[in-house]
Structures are given as C-alpha cells and as structure tokens.
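Student:
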Amino acid sequence: MQLSMKCSVAVHCLLFIWEARGKARVTSTLLAQSTGCNPVVIRNILSALKKAGLITVPRGQGGAELCRDPEQITLYQIYAALEPQGLTSLIGIHPCDGRACPVAQNIRRVLRRPYRQIEDAIAATMDGITLASLIQDLEAGLTPPAATH
Numbered sequence: 001m002q003l004s005m006k007c008s009v010a011v012h013c014l015l016f017i018w019e020a021r022g023k024a025r026v027t028s029t030l031l032a033q034s035t036g037c038n039p040v041v042i043r044n045i046l047s048a049l050k051k052a053g054l055i056t057v058p059r060g061q062g063g064a065e066l067c068r069d070p071e072q073i074t075l076y077q078i079y080a081a082l083e084p085q086g087l088t089s090l091i092g093i094h095p096c097d098g099r100a101c102p103v104a105q106n107i108r109r110v111l112r113r114p115y116r117q118i119e120d121a122i123a124a125t126m127d128g129i130t131l132a133s134l135i136q137d138l139e140a141g142l143t144p145p146a147a148t149h
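With my numbering, the residue at position 21 of the sequence shown is 21, and numbering never jumps.
#1: Using a Cβ-Cβ cutoff of less than 6 Å, which residues in the same chain neighbour H12 once the five nearest sequence positions on both sides are dropped?
#2: Taking only three categories from DSSP, how would you classify L66?
#3: For A24, collect the residues of the same chain with a Cβ closer than 8 Å to its Cβ; drop the 5 residues on either side in sequence, then sort them by chain order.
#4: If you draw a straight line from the C-alpha of A100 to the C-alpha of Y76, how long is it?
#5: Give the secondary structure of I55 by DSSP, where H, G and I count as helix, E and B as strand, and everything else as coil.
#6: Excluding the 5 residues preceding and the 5 following R108 in the sequence, name in chain order all residues of the same chain whose CB lies nearer than 7 Å to its CB.
#7: What residues in its chain sit with their C-beta under 7 Å from that of E71, if we drop five residues either side in the sequence?
#8: From L90 to Y79, what does the alpha carbon distance come to, in whole angstroms?
#9: How many angstroms separate the CA atom of D120 from the CA atom of V41?
#10: Exposed or buried, which one is C96 when buried takes at least 16 other CB atoms within 10 Å?
#11: Among G22, S47, C67, W18, whose alpha-carbon lies nearest the alpha-carbon of K6?
#12: Mind checking whether A32 and L54 have CB atoms under 8 Å apart?
#13: Restricting to runs no shorter than 4 residues, where is the alpha helix (DSSP H) found entirely within the region 96–147?
#14: Here's the rule: buried if 16 or more other CB atoms are within 10 angstroms of the residue's CB, otherwise exposed. What is V9?
#15: Grouping DSSP H, G and I as helix and E and B as strand, with all else coil, what is T35?
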C-alpha cells in the first residue's frame, strides 16, 4: 500500500515554485534537476497541476507560479490532480470473481464498506494538510546561507 510517488514529486515542485518566487523562472528543466526526475515526468505533473487550477505555466517560456494561496491548496487536492482514480486505487482487491468459493464470491461486497471508510479517513487527513503547513515545515529546516565577512 503506497501513495503514488507522483504526489511527493508534485509537492516537491510546488514547494520549489513557492521558494523560487521572485528569484528564478521555474522551468521543467530546473524542477527536473531539483527532483531528479525526467523533465517529461515533470511536464506531465505540471500539466496535471495546471489542469487542477493549482498553478499557471506560461506557454513556451516556463515560469510556473501558484494560482492560489498556499493555505488554499491541500495535500488531497494535489494528490487528486495526479490520480484521477482518487484513493480507490490505494487498496486493491485481488481478482477472484467467478470462482465457486462463497468467500471469493462475496469478498468485494465484504470489503467495500471498510475500504471506503479507510479511503475517506485518508482523504480527510490529506485535506487537513495545506501547502502552507508544508512550506512552514520546509522553511523550519532550511539552513540560512553562511554570512560573509
């Protein structure tokens, strides 16, 4: 059971975009260098974030920016932008349809409610975590540049 790695890469990109505001034009190449991901992967992630209304990216020149205040962007919104299936793919049920076994015939029905409860709890938790809180955590751990004398 694992959340998509795309989500952590997307958070990395959003944090980078926030930290670079006013200092650098954020491009997929720059984000690829920071994340260690292929620029094509970064462009796909940026496209999904843009489609979800979380960022803007001027065509051709790059320069990604947040569309909303970090307080208004939740971890669940970021995840949902990248995973159209939502959390339903988080916990799977093994394929056993069509078997004669009564347990196999009923396992989907039996697990539907508890799995939905788990998904709802995860979604609620992720909705309570904002990009602003992640920025705060990041900035708390950043080492200030050494002073030059």
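Think of the CB as a built atom: it goes at the ideal place given N, C-alpha and C, for glycine as much as any other residue.
Tutor: To lay it out plainly:
#1: By one-based count along the sequence shown, residue 12 stands at place 12. Here the set comprises T35.
#2: Taking the sequence shown and counting its residues from 1, one reaches residue 66 at position 66. DSSP places L66 in strand when its eight states are reduced to three.
#3: Position 24 of the sequence shown, counted from the first residue, corresponds to residue 24. Closer than 8 Å at the Cβ level, and outside the excluded window around A24, lie L30.
#4: Within the sequence shown, the letter at position 100 stands for residue 100. Within the sequence shown, the letter at position 76 stands for residue 76. Cα to Cα, A100 sits roughly 39 Å from Y76.
#5: Taking the sequence shown and counting its residues from 1, one reaches residue 55 at position 55. DSSP places I55 in strand when its eight states are reduced to three.
#6: The residue labelled residue 108 in the question sits at position 108 within the sequence shown. I93, listed in sequence order.
#7: As a first step, residue 71 is located in the sequence shown; it is residue number 71 there, counting from the start. The residues are T130, A132.
#8: Position 90 of the sequence shown holds residue 90. Position 79 of the sequence shown holds residue 79. Rounded to the nearest angstrom, the gap between the Cα atoms of L90 and Y79 is 12 Å.
#9: Stepping through the sequence shown from its first residue, residue 120 is reached at position 120. Stepping through the sequence shown from its first residue, residue 41 is reached at position 41. Distance between the alpha carbons of D120 and V41 is about 28 Å.
#10: Taking the sequence shown and counting its residues from 1, one reaches residue 96 at position 96. Looking at its Cβ environment, which holds fewer than 16 other Cβ atoms inside 10 Å, C96 is exposed.
#11: As a working note, residue 6 is residue 6 in the sequence shown. Closest by alpha carbon: S47.
#12: As a position in the sequence shown, residue 32 is number 32, starting the count at 1. As a position in the sequence shown, residue 54 is number 54, starting the count at 1. Contact: no.
#13: 102–127, 131–141
#14: As a working mapping, residue 9 is identified with position 9 in the sequence shown. Looking at its Cβ environment, which holds 16 or more other Cβ atoms inside 10 Å, V9 is buried.
#15: In the sequence shown, residue 35 corresponds to position 35, counting from 1. Here T35 sits in helix by DSSP.
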